[in-house]
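Take the position in the sequence shown, starting the count at 1, then add 38; the result is the number in the working numbering.
Glycine included, every Cβ here is placed at the ideal spot set by N, Cα and C.
Here the structure is a predicted model, which is why all the values come from computation and not from measurement.
To start, the structure under review is shown below, and the notes come after it.
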Amino acid sequence: MTDNSDSTDSAELEQGDSSSGIVLGATAGGGGAGSAEMVNIPNPIEGIFDNVDPTPGSKKPDEILVAKNVVRRFGGLTAVDVAEVRIQRGAITALIGPNGAGKTTFFNLLTGFDAPDEGHVELNGTSIDGVASHKLAARGMVRTFQLTKALSKLTVLDNMKLGAKDQPGEKFLTALFTPAWRGRENKVEAQARALLDRFNMTHMADEFAGTLSGGQRKLVEMARALMTEPELVMLDEPMAGVNPALTQSLLGHVKQLRAEGRTVIFVEHDMDVVRDISDWVVVMAEGKIIAEGTPDAIAANQAVVDAYLGSHHDTDLTFEEEE
Ligand SMILES: Nc1ncnc2c1ncn2[C@@H]1O[C@H](COP(=O)(O)OP(=O)(O)OP(=O)(O)O)[C@@H](O)[C@H]1O
Ligand SMILES: [Mg+2]
């Protein structure tokens with residue numbers, strides 16, 4: 039972040055209070071996982087983009103995800119028309135672009151929640167064309183949603199458990215009450231509780247998800263995504279609607295994923311957030327990838343700035359429609 043002044047106080051308070059197990063950030067939305075200790079999170083892939091060509095579709099040293107000629111049409115509208123995009127393993131890649139650029143649709147196509155009209159996607163060098171989302175989770179890819187999908191009438195803990203591997207919803211709910219599943223259930227619960235702890239959400243474990251604030255839902259969704267131990271985590275606007283103190287915490291959690299060797303692709307409108315945590319930026323507009331580069335290069339790219347940042351560079355990238 040270029041300006042951390044807003045969050046300094048809360049970060050210190052959170053750290054100071056952490057020994058009691060009560061986190062002040064929780065009052066403001068929970069999950070205030072000590073921002074202070076997250077300041078120096080290592081970046082294991084530092085410098086890996088130094089020799090990468092800053093053009094759409096450019097090759098990366100070690101690619102985890104490759105999409106080619108991916109097209110999705112809705113009636114007469116071509117929402118996604120991506121010629122080629124290649125994602126570096128272990129890096130944090132930001133996908134930016136104005137509202138309606140096709141970012142969420144592209145995420146849906148990459149994660150098996152929607153099928154492209156044309157094109158191919160490879161995960162770790164293997165085609166995942168036509169593979170359903172729950173099967174992709176078993177192959178190491180998970181995503182979160184722009185609009186959170188927590189089940190409001192289940193507890194936070196049960197929402198977490200639903201994120202576990204090989205457990206499609208209904209079957210799992212039945213299994214919860216079947217003795218044969220108890221051993222596995224204990225393991226799943228332990229894992230869920232450990233993740234809630236990591237995200238400083240333990241105090242909310244038994245609350246209905248419906249009672250969470252928007253920011254807390256974002257945290258639970260990120261925590262739940264980790265239940266499958268994914269190698270690739272795709273986050274659609276993870277910070278949207280989250281208060282500033284909690285945003286700092288979420289940014290720390292995202293950097294932590296990279297420190298663990300995971301790959302992150304995230305959609306974001308706030309350029310300060312993008313510059314703070316991403317190693318590489320992919321810019322989408324009208325369904326196409328129009329630019330790629332380091333955050334600094336993208337922020338300084340006059341075409342991108344003119345077209346996508348405009349006067350909103352310190353707030354968000356939202357485009358205003360001309361009346
Ligand atoms: N299911 C659908 N049916 C018809 N049109 C759709 C559908 N989903 C998306 N679109 C259209 O496709 C285009 C891309 O939408 P998408 O939600 O992918 O954009 P986005 O980049 O995620 O925008 P935002 O930043 O607002 O989230 C938009 O014009 C949208 O209206
Ligand atoms: Mg979207």
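Could you spell out the range, first to last residue, of the beta strand (DSSP E) harbouring residue i?
i: residue 274; result: 270-274
i: residue 158; result: 156-161
i: residue 130; result: 130-134
i: residue 103; result: 101-112
i: residue 151; result: That residue, residue 151, is in no beta strand (DSSP E); it is neither H nor E in DSSP.
i: residue 116; result: 115-126
Contact check, residue i vs residue j under 8 angstroms by CB: the rounded distance?
i: residue 125; j: residue 160; result: In fact, because the Cβ distance is near 10 angstroms, the residues do not count as touching under 8 angstroms.
i: residue 240; j: residue 269; result: In fact, because the Cβ distance is near 26 angstroms, the residues do not count as touching under 8 angstroms.
i: residue 157; j: residue 170; result: The pair is not a contact, with the Cβ atoms about 17 angstroms apart (cut-off 8 angstroms).
i: residue 253; j: residue 280; result: 4 angstroms
i: residue 154; j: residue 109; result: 6 angstroms
i: residue 117; j: residue 325; result: 6 angstroms
i: residue 135; j: residue 323; result: 5 angstroms
i: residue 309; j: residue 337; result: 6 angstroms
i: residue 329; j: residue 94; result: 7 angstroms
Got a sec, what are the start and stop residues for the alpha helix (DSSP H) residue i sits in?
i: residue 146; result: 141-148
i: residue 195; result: 194-199
i: residue 311; result: 309-315
i: residue 176; result: 171-176
Mapping the DSSP letters down to three states, classify residue i as helix, strand or coil.
i: residue 296; result: helix
i: residue 335; result: helix
i: residue 165; result: strand
i: residue 285; result: helix
i: residue 341; result: helix
i: residue 185; result: coil
i: residue 44; result: A caution first: residue 44 carries a pLDDT of 37, below 50, which makes its placement in the model unreliable, though a value can still be read off. Helix at residue 44.
With a cut-off of 8 angstroms, does the C-beta of residue i fall near any C-beta of chain B?
i: residue 158; result: Of the chains in the structure shown, none is chain B; there is only one protein chain.
Check your understanding: Curious, which full-length beta strand (DSSP E) runs of at least 3 residues does the segment 222-282 contain?
Key -> Runs of the beta strand (DSSP E) inside the segment 222-282: 270-274.
Check your understanding: Given 8 angstroms as the limit, is there contact between the segment 271-290 and the segment 180-200, that is, 3 or more CB pairs closer than that?
Key -> In short, these stretches touch, since the Cβ pair count reaches three.
Review point. Using 8 angstroms as the Cβ pair cut-off and three pairs as the minimum, do the segment 189-198 and the segment 224-238 touch?
Key: Taking one beta carbon from each stretch, the segment 189-198 and the segment 224-238 have 3 or more pairs nearer than 8 angstroms; the two touch.
Exercise for review: For the segment 161-168 and the segment 78-90, state whether three or more C-beta atom pairs, one from each stretch, are separated by less than 8 angstroms.
Suggested key: These segments do not touch.
Review point. Per the contact definition of three or more C-beta pairs closer than 8 angstroms, is the segment 129-136 in contact with the segment 313-322?
Key: The answer is yes - the segment 129-136 touches the segment 313-322, with three or more Cβ pairs under 8 angstroms.
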